[in-house]
Amino acid sequence: MAELIVYFSRKYQNYVNGTILDLEKGNTEAAAGIINRLTGAPLFPLEPVREYSHEYEECTRQAKKDLQEKARPELKQYPQSLEKYDVIYLGYPNYWSTMPMAVFTFLERYDFTGKTILPFCTHEGSGMGISERDIRSCCPGAVVKPGLAIRGSDAAEAENVIRKWLEEYRPA
Numbered sequence: 001m002a003e004l005i006v007y008f009s010r011k012y013q014n015y016v017n018g019t020i021l022d023l024e025k026g027n028t029e030a031a032a033g034i035i036n037r038l039t040g041a042p043l044f045p046l047e048p049v050r051e052y053s054h055e056y057e058e059c060t061r062q063a064k065k066d067l068q069e070k071a072r073p074e075l076k077q078y079p080q081s082l083e084k085y086d087v088i089y090l091g092y093p094n095y096w097s098t099m100p101m102a103v104f105t106f107l108e109r110y111d112f113t114g115k116t117i118l119p120f121c122t123h124e125g126s127g128m129g130i131s132e133r134d135i136r137s138c139c140p141g142a143v144v145k146p147g148l149a150i151r152g153s154d155a156a157e158a159e160n161v162i163r164k165w166l167e168e169y170r171p172a
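Residue numbers (full-length UniProt numbering): 1 to 172.
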């Protein structure tokens, strides 16, 4: 079984436990790193050509505008192919109750028929939002397993909860 971890993450200013903090590594990247250690699956970061602002409030305005416009921001790079992968771990922060629009750009580029998608998101209180429904919409031929919502402020220390999720939903 071939697996790949695809994730969107944002460092710089983030909302953490009720305050704005500068992060050297995004919360979703931290969770993706734990999944990498536990599964050995390679990591593939989704990086938009035009980054969101480093400043938190401006970033949220940009993300909301992208959502309202159903933007599909171009990515710096794409996997050459997903053909050899059976399982895709898909990570993202919860932006306005769903995924950042760059994740939609990725999902709409490939055919996920027959693949298993295990979504995981980081958040500060809003959980998975409607992102699982949105993934099913973008990837009608995929098996979308129940997602894992990780509080962003806990992401770097979430190994036990991630391990339990993998034990329950990772295909054998």
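Note that the Cβ used here is the ideal one computed from N, Cα and C, for glycine as well. Every value quoted in this text rests on a predicted model; they were computed, and no experiment measured them.
Indicate the three-state DSSP secondary structure (helix, strand or coil) for residue i in the structure shown.
i, result
"Thr105", "helix"
"Gln13", "strand"
"Tyr89", "strand"
"Tyr95", "strand"
"Val161", "helix"
"Ile135", "helix"
"Ile130", "coil"
"Asp22", "strand"
"Thr116", "strand"
"Leu38", "helix"
"Leu82", "coil"
So, is residue i buried or exposed, given that buried needs 16 or more other C-beta atoms within 10 angstroms?
i, result
"His54", "exposed"
"Pro100", "buried"
"Glu29", "buried"
"Ile20", "exposed"
"Glu69", "exposed"
"Pro73", "buried"
"Ser137", "exposed"
"Val49", "exposed"
"Thr116", "buried"
"Asp111", "exposed"
Starting from residue i, follow the beta strand (DSSP E) in both directions and report where the run begins and ends.
i, result
"Ala149", "148-151"
"Tyr7", "3-7"
Throw me the rounded Cβ distance for the residue i and residue j pair, which I believe falls under 8 Å.
i, j, result
"Ala158", "Ala63", "Going by Cβ atoms, the distance from Ala158 to Ala63 rounds to 23 Å, so no, they are not a contact pair."
"Leu166", "Thr39", "7 Å"
Please name the residue, chosen from the options, that lies closest to residue i on a Cα-to-Cα basis.
i, options, result
"Gln80", "Arg61, Phe106, Ser126", "Phe106"
"Ile35", "Gly129, Thr98, Leu90", "Leu90"
"Glu51", "Lys11, Lys25, Val16", "Lys11"
"Gly18", "His123, Arg37, Lys145", "His123"
"Cys59", "Cys121, Tyr95, Asp86, Ile135", "Tyr95"
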